[in-house]
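Step one of this worksheet: look at the structure below.
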Amino acid sequence: MQGAAIESLGLDYRYEAIPVTPEGLGRAVAGLRDPSVAGFNVTIPYKGAILPLLDEVDATARAVGAVNTVVNEGGRIKGYNTDSPAAVRALGEAYGDLGGCRVVIFGAGGAARAVAFGLVPKARWIRIFARDAAKAENLASDIRRQHDVDVLGAGLVGAQCSVGAADILVNATPVGMSPNVGNSPVDACILHSSLLVFDLIYSPERTRLLQDAEAVGAKTLGGLTMLVYQGAEALRLWTGRRAPEDVMMGAARRALGGGTR
Ligand code: NAP
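The numbering of the sequence shown is this note's numbering, which starts it at 10 and goes up by one.
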């Protein structure tokens with residue numbers, strides 16, 4: 010996706026994957042301070058662990074507690090979180106005005122944090138459900154410490170009632186991701202037609218959860234748009250250029266085996 014964008018813009022950059030072990034994180038980041046490196050992305054499980062290794066962290070990433078994009082300016086490295094605005098942008102396009110929306114989020118990991126903090130300024134209430142209730146409660150209390158908002162975290166058993174009253178349901182767990190495409194994190198019988206169901210998973214593009222949601226007449230949004238938007242914002246931060254999102258979307262779809270639809 011990034012390679013296709015770089016080529017399309019005619020830039021003299023290269024984007025490559027670097028495998029990093031937990032013990033090697035500090036060494037890898039030190040190497041990436043080389044002024045020839047414009048920046049880099051950070052993925053699971055280092056989005057939180059990288060914070061103390063950076064010279065600066067922007068306000069959104071600091072609030073979320075996770076960095077997915079780092080910009081290198083002459084050896085000084087600054088962390089950003091482009092997942093959070095990308096999720097809100099994708100959701101806003103699919104849902105419309107997010108003001109006053111009632112949101113249920115399944116999962117309490119890095120992506121749930123990015124979505125929850127992004128929606129806080131707009132949502133009427135947010136309910137976070139995770140198999141580990143303590144993690145959901147912990148995320149909710151992190152949000153409450155920073156914002157005056159109605160947010161609660163709990164174990165999965167309490168989800169049904171909140172889903173019934175929600176406008177937006179977000180899956181921020183990996184349940185349903187390839188190759189476990191038959192699984193859904195949400196019992197289909199609690200879905201309803203007034204929901205917009207946002208599954209952060211992008212492979213497959215149409216998860217079991219999204220199929221169940223479509224079957225009850227709910228609106229749906231897959232994770233690919235957010236993936237492209239977070240990458241487009243990262244590319245803009247590194248290069249100062251507006252990213253060709255259509256090119257990135259096509260390349261991502263091809264890479265994921267979905268053709269050029
Ligand atoms: P993460 O930090 O590992 O968090 C995953 C969350 O899901 C945790 O709350 C975890 O619970 C829960 N979970 C894992 N397996 C589960 C299961 N079998 N049943 C119920 N809950 C389960 O991962 P993440 O970074 O937040 O990513 C979550 C998903 O979002 C992944 O599918 C990822 O690909 C997707 N994502 C998409 C985008 C995008 O641009 N579209 C961006 C980021 C992430 P425990 O803590 O108990 O393990």
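Just so it is clear, CB atoms sit at the ideal spot from N, CA and C, and this is done for glycine as well. Bear in mind that the values here come from a model prediction, so they are computed numbers and not experimental data.
From the options, residue whose alpha carbon lies closest to that of residue i
i, options, result
"Pro188", "Gly101, Arg217, Ile199, Ala132", "Arg217"
"Thr182", "Gly164, Leu209, Pro28", "Leu209"
"Val112", "Pro31, Cys170, Gly83", "Cys170"
"Val38", "Asn147, Ala58, Val256", "Ala58"
"Glu214", "Thr234, Val195, His201", "Thr234"
"Gly167", "Phe138, Ala227, Gly88", "Phe138"
"Ser203", "Ser212, Val184, Ile177", "Ile177"
"Asp151", "Ala125, Asp141, Ala132", "Ala125"
"Val256", "Gly105, Ala241, Thr78", "Ala241"
"Asn8", "Phe49, Ala103, Pro61, Tyr104", "A query on residue 8 cannot be resolved here, the shown segment of the chain reaching from 10 to 270 and no further."
"Asn90", "Val160, Ala120, Ala142", "Ala120"
"Tyr22", "Arg245, Gly259, Ala103, Pro61", "Arg245"
Distance cut-off 7 Å: residue i Cβ against heavy atoms of the ligand NAP
i, result
"Gly118", "yes"
"Arg140", "yes"
"Val172", "no"
"Met235", "yes"
"Val184", "yes"
"Asp92", "yes"
"Ile114", "no"
"Gly164", "no"
"Gln11", "no"
"Gln155", "no"
"Gln239", "yes"
"Tyr55", "no"
"Lys144", "yes"
"Gly266", "no"
Cβ-based neighbour list, residue i, same chain, cut-off 7 Å, excluding 5 preceding and 5 following
i, result
"Val46", "Asn81"
"Gly271", "As shown, the chain starts at 10 and ends at 270. That puts residue 271 outside it, with no answer to give."
"Val73", "Asn90, Ser93, Arg122, Ala123, Phe126"
Separation of residue j from residue i, as counted between CA atoms
i, j, result
"Leu34", "Lys56", "11 Å"
"Gly118", "Glu65", "23 Å"
"Ala75", "Ala95", "14 Å"
"Gly164", "Val190", "23 Å"
"Arg71", "Ile86", "14 Å"
"His156", "Gly105", "23 Å"
"Tyr24", "Gln11", "7 Å"
"Gly108", "Gly40", "43 Å"
"Pro54", "Asp221", "30 Å"
"Asn192", "Gly101", "27 Å"
6 Å CB neighbourhood of residue i in its chain, flanking five on each side removed
i, result
"Lys228", "Leu205"
"Leu128", "Val112"
"Pro44", "Gly83, Gly84"
"Gly162", "Ile137, Ala145, Glu146, Leu148, Ala149"
"Leu265", "Ser212"
Cβ-based neighbour list, residue i, same chain, cut-off 8 Å, excluding 5 preceding and 5 following
i, result
"Arg270", "Note on Arg270: pLDDT 39, under 50, position unreliable in the model; the coordinate value appears next. Counting only Cβ-Cβ distances below 8 Å, and skipping sequence neighbours, we find Arg262."
"Gly173", "Ile199, His201"
"Ala99", "Phe207, Leu230, Thr234, Met235, Tyr238"
"Pro194", "Phe115, Gly116, Asn180, Thr182, Val184, Gly185, Leu218"
Buried or exposed (CB count within 10 angstroms, at least 16 for buried), residue i
i, result
"Glu16", "exposed"
"Ala197", "exposed"
"Ala243", "buried"
"Ile27", "exposed"
"Asp3", "Not covered by the structure: residue 3. The range shown for the chain is 10 to 270."
"Arg36", "exposed"
"Thr30", "exposed"
"Ala14", "buried"
"Ala260", "buried"
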